[in-house]
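Per the UniProt record's numbering, the very first residue in the sequence shown carries number 1; after that it's consecutive. All residues carry an ideal CB built from backbone N, CA and C; glycine is no exception. Report on one structure; see the data block that follows.
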Amino acid sequence: MEQQRVWVSDPVEGFVLGQIVDIGMDEVTVQPLANKKAGKVTVSLERLYLAEEYDNKDFDDNCSLMNLNEATLLNNVRNRYKKDKIYTYVANILIAVNPYFEIKDLYSSKMIKQYQGKSLGVMPPHVFAIADKSFRDMKVLKQSQSIIVSGESGAGKTESTKYLLRYLCDLWGTAAGPIEQKILDANPILEAFGNAKTTRNNNSSRFGKFMEVHFDSKCAVVGGFISHYLLEKSRIVMQSQEERNYHVFYLLCAGAPENVRQTYKLTKPDDFHYLRNGCTQYFTNNNTERKLNNTQKSAIHANKGGLKDPMLDDVEDFTNMDKALSRLGLMENEKQEIYAMVAAVLHLGNISFEEDVEGTKGGSRVTAESEASLAMAASLLFVDKEELRQALSNKVMMTARGGPKGTIIMVPLKVYEANNARDALAKALYSKLFDYIVQRINKSIPFQVSSYYVGVLDIAGFEYFTVNSFEQFCINYCNEKLQQFFNERILKDEQNLYQKEGLQVKKIDFVDNQDCIDLIEGKGSGLFSLLDEESKLPKPSAEHFTSEVHRHWNSHFRLALPRASKLKAHREIRDSEGFLVRHFAGAVCYDTSKFIEKNNDALHASLEGLVQESKNPFLQNMFANAANTNNQKGKLTFISVGSKFQTQLGELMDKLKSTGTSFIRCIKPNQKMVDHHFEGGSILSQLQCSGMTSVLELMQQGYPSRTGFNELYDMYSKFLPPELARLDPRMFCKLLFRALGMSEKEFRFGVSKIFFKPGKFAEFDAIMRSDPDNLAQMVSMVKKWLLMSRWKKAQWCALSVIKLDRKIKYRAMCHTTIQKNIRMYLARKQHRPRYKGIGKINNLQSMITRMESIISQMKKDKESSINDMKNLQNEMKDAIQRIRMDTKIKAEEINTMHTTLMNRANKELAKLQQKLESQKDEEEKERLRKIEEEMRKERERREKEEKEKQLEEQNRVLKQEMEQRRKLEEEAQRLLEEQNKAAELKLQLEKERQELEEMRRRGQLEQERRDHELALRLAQESNSQVEEILSPIDRPEHIKNQTNNNSKYDLSKWKYSELRDTINTSCDIELLEACRIEFHRRLKIYHAWKAKNKHRSVMNENERAPRSIMDAVHSTPRAPAKEIVNHQNSQRYFRIPFIRPNLTNGHSDSLMDNTNKRGWWYAHFDGQYVARQMELHPDKPAILLRAGVDDMQMCELSLEETGLTRKRGAEILEQDFAKEWEKHGGPPYVRPVDRIK
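Right under this line is the structure:
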């Protein structure tokens, strides 16, 4: 089994490192590495990701990861967080993790200077880098920019916004000017009036804001503008036990001067109804704690002390707020009017009611204990005390009868109705005050002439609590719209542009949340429309509204009953009391009991008339707009909070779409709000909610920077020398990029634009900087590069000439060698017979020696024999002398002379061999035996040659048969393809339908998983219980069919190792074939998963087969072909070329690299699958693989899928394969049918 390290989903850590130990049907078994004592886990491949080789290394940009996925993204963020590196890029998107402590010098003026003018990637990731990028984009592209800061409560959005504004207003490292200072002063004021302590964040923004910093044509700050959205009004009158009201109430009680507190009768939080039900402790430090007296401290503060937060202090923050108001131009009397309105809200909350038992009409009255608060509230509001009492305990109704204008009737209010009226007035006062403060800030930072602006959007992230009401509904609707904008800007628009420009970038599928948005804002039947219609009824009811919602959307996937929630607390809500919406980030259950009340923020007529008759011009000015629309009051004409928010959000989205956009995703590391504590599961959920996990693949494959090459050429044209002016724009741009050291893999030309890969922001910014000095410098770089390029070409030409000269000399030397050998051959042909003849005659000397030996043994006729022998010697000398002197003597004459001499010598010798006759007989027998041996060898040689000729003939016939079979299969395939075009089209449509169905199923599974994770987080906060995930949605039918193709054997529960062992040992052919099919099906799924998770720009070094083979399976789907030959037990052998590249840092750097020589890829198919596989490369050891042993490194495709049978010349003979297999030490192969049972 391949020892592959992977990341496995874990509810607590997000992902844990593990190792694959088994492959199942469509899941794998993994052993966690951190805790090997823990049991093995079985997980789906969809939630399994490849791990990096070094999982403890961190990267500034996640696109630098070899395997970019959810798990490696989370791990990289974790590694950087441990090193106090809270910022990380995903291409040009910034991830910011809240550290919950102050990192030294991270936001100093010195740090600001370091990031000014620096491109993304030059310096470490930082919020200043995004601010600088937006400013430079505005300056270069002549387009306004927006920075969207998102994240859940406590993630650090407000702080990031402050640092962004500080950078934009800091005038390139100098002290902020008067306009810039006013923009910065808006932050402490808005935080005081719009932020509050919650269970998740001590400084939570309870409203959204879009802050614009406007610049003139010289890019100097000329003003600003703030738009605010959806202030949480319910917090003014009610908070949970651990939460606080808005900061300003506590700032006044703790930090206001003594005379101010006495004037407005501000004491401790315990004394005010709107504060005492929540947390009544102040935020203090050791110094400010001593400034508080006992009359200012609540009981719990006196007992436990103040709250601690490095960014908050109620005593000091009042001073900062007061100074900021002064710097914005507010006079002392204006500030006192603001403080008076805040105090009025508090005293108004202390007015309580009881049943009016003395009255004849019933109703309610102000309690005796509340008379002082009533008087104080009336005094601060400049209204008559009795009129205020009357307006709070009665409401005015007008009938249509009783005169031309109708009759006015005073209707007493019950106790709960009077409390609601009091709260409505308090909320109206505070919300109008907040509107006034924002308006006053905008008035203090006006701009006469604005060319462009940089806007920073700080709005509440996706919210989910145990109890979710109208505020969470609106916030989550806003986040749905922002997520759709994110998807369109990052995913949809990007991919459309790539397609339009002709860039071959793989299409990335994403879940479109348009159906959820239509559910909420659809005209007529959307949730907002249904809520408005319900509000217009004579007697609106929350139960009726909820029932209408379920009736209209009873079959919509995004909407469900509360009992469908995975959180136990939500399942106790009745169907008529709420509904569940499956948002992109997870399912949220909403309690609708307060929807109608919170959707209508209008005061009833008596309270509105009271405010308008106030003698306080400040109060009248705040409610001026309401007075202007008084004539249009009525249930059928009122503008609801939801409608107003939809309009504001629509205007915001139009602004965002018209600007360039940057994204900052703020992450909350833990729920305890402590430093150096990383909760992986929670952070992963936040990354998913922010949409970061859905854009990873596109960010890595995409091109985040781009510009038109014609515009780029026009920008440089006036600075070009004549030799460069002749170039067309595309060629000039290419030279410019090469001059900057960029390879062709780092940029791509489209139809009209040039695109840059992630990490090339510095080069892009250098190119796009339009100042003359930079343009001239770029042109000089191009000239320098062109000169260097030409010099290198000259060097290559010189080297080529030298090489050619050496080749000519080498060829001349070869010609001399050839001539020498030819002359030697001719001389040898002429003189060889002569020296061979002399040699043969000299060889006759042995006969003379024998004669001498015999003569020496003879006793008679010795003299005559000696004379004959001497005569013979003289004749031999004469013959040798003749041969030496006559250079033109022929070989026949030499042979004749030799024969004559030899016959003479034999004759003489025969006379002398009478006594050696027996010896001559034995020699003759030996000679005959040798002759017989030679004849036998000759006969065997001829037989061997005959057999080889027969084998060659057989091989030729086999090859002809193979070629004929290939042609038949090719012809049959062609005919079948012609006949089945309709079937192929149908198959293609079916495949598209299955892909859509699979995409829908995965989307639903992902939604279910996110719902479960969201419920888990809520359960941890509320100590509730979560229902375990139900069995996943059924797999598509085509996947079921794949697993049920063989009805005789159920292999679904077989382990990977069991299948492999059965294939290696079984003698049951049917079972073996079923196991092979299932085994290779699992391998295909596993390798497809690995390929999906691999870095797309890096070629895989461990390719299991040539690319042409692996790509064959991804071609256009074909209808199932009928087998021409039964391949069930057939043995077929193939060989095709295969080049395995030498990779350096993931790719080959040289285009002229000829070191990769062609090798061969051999495959032996036993039936439909590879049984043996072999790779032979020059200068490399052979790679021999066997099924059952090396399956992970072998080709997992079937013979039909590879298309090898249709490749001309690919099939080879068995002996050709066996020869190479045995030559390189391959073990013998035993076919399954030959196994002994």
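- Taking 8 Å as the cut-off, the Cβ atoms of residue 395 and residue 374 do not count as close.
- If you look at residue 42, you'll find it in the beta strand (DSSP E) that goes 41-44.
- When the beta-carbon positions are compared, residue 1160 and residue 1176 come within less than 8 Å of each other.
- Here residue 279 carries a coil assignment [DSSP, helix/strand/coil].
- Annotation for residue 441: the continuous alpha helix (DSSP H) segment containing it runs 415-444.
- Apart from sequence neighbours up to five positions away, the residues of its chain that approach residue 897 with a beta-carbon distance below 7 Å are 879, ordered along the chain.
- Looking at the backbone, the Cα of residue 843 and that of residue 864 are separated by about 23 Å.
- Residue 383 places its beta carbon less than 8 Å from that of residue 613.
- Contact annotation: residue 1168 and residue 1204 have beta-carbon atoms that are not nearer than 8 Å.
- Taking a C-beta distance under 8 Å as the contact criterion, residue 191 and residue 203 qualify as a contact pair.
- In its chain, beyond the 5 residues on either side, 841, 844, 872, 875, 876, 879 have a beta carbon closer than 8 Å to the beta carbon of residue 901.
- Shown here for residue 1182: same chain residues with a beta carbon closer than 6 Å to its own, the five before and five after excluded, namely 1176, 1224 in chain order.
- Taking a contact as a CB-CB distance under 8 Å, the pair residue 341 and residue 429 counts as one, their CB atoms being some 6 Å apart.
- With a cut-off of 8 Å on Cβ pairs, the stretch 223-237 is not in contact with the stretch 308-316, counting fewer than three such pairs.
- Separation of residue 820 and residue 870 (C-alpha to C-alpha, rounded to the nearest whole angstrom) is 44 Å.
- Counting along the chain, the unbroken beta strand (DSSP E) around residue 582 starts and ends at 578-583.
- For residue 1083 and residue 1050, the gap between their C-alpha atoms comes out near 18 Å.
- With fewer than 16 other Cβ atoms inside 10 Å of its own Cβ, residue 674 counts as exposed.
- A residue is called buried when at least 16 other Cβ atoms come within 10 angstroms of its Cβ; residue 1221 meets this threshold and is buried.
- Put simply, the stretch 548-555 does not touch the stretch 969-978. Fewer than three CB pairs are less than 8 Å apart.
- Here residue 835 carries a helix assignment [DSSP, helix/strand/coil].
- Looking from the CA of residue 1106, the closest CA among 1210, 214, 1138, 1079 belongs to 1138.
- Straight across, the Cα-Cα distance linking residue 244 with residue 462 is about 21 Å.
- Following the DSSP letters along the chain, one finds residue 1221 inside the alpha helix (DSSP H) bounded by residues 1214-1223.
- The three-state secondary structure of residue 553, taken from DSSP, is coil.
- Between the beta-carbon of residue 120 and that of residue 92 there is about 6 Å, and that keeps the pair under the 8 Å contact cut.
- Beta-bridge partners assigned by DSSP to residue 591: 578.
- Sequence-distant partners of residue 559 (beyond 5 residues in either direction) whose C-beta falls short of 8 Å from its own C-beta, in its chain, are 519, 549, 550, 553, 579, 580, 581, 582.
- Secondary structure at residue 447: coil, using DSSP grouped into helix, strand and coil.
- Residue 856 counts as exposed, since fewer than 16 other C-beta atoms from the protein chains shown sit within 10 angstroms of its C-beta.
- By the Cβ neighbour-count rule, residue 500 is exposed, with fewer than 16 other Cβ atoms within 10 Å of its own.
- Relative to the Cα of residue 836, the nearest Cα in the group 283, 890, 927 belongs to 890.
- In the three-state reduction of the DSSP assignment, residue 99 falls in the coil class, being assigned neither a helical nor a strand state.
- The C-beta separation of residue 299 from residue 271 comes to about 11 Å, leaving the pair out of contact by the 8 Å criterion.
- DSSP, read as helix, strand or coil, puts residue 1132 in strand.
- Counting along the chain, residue 246 sits inside no beta strand (DSSP E), nor does DSSP assign it H or E at all.
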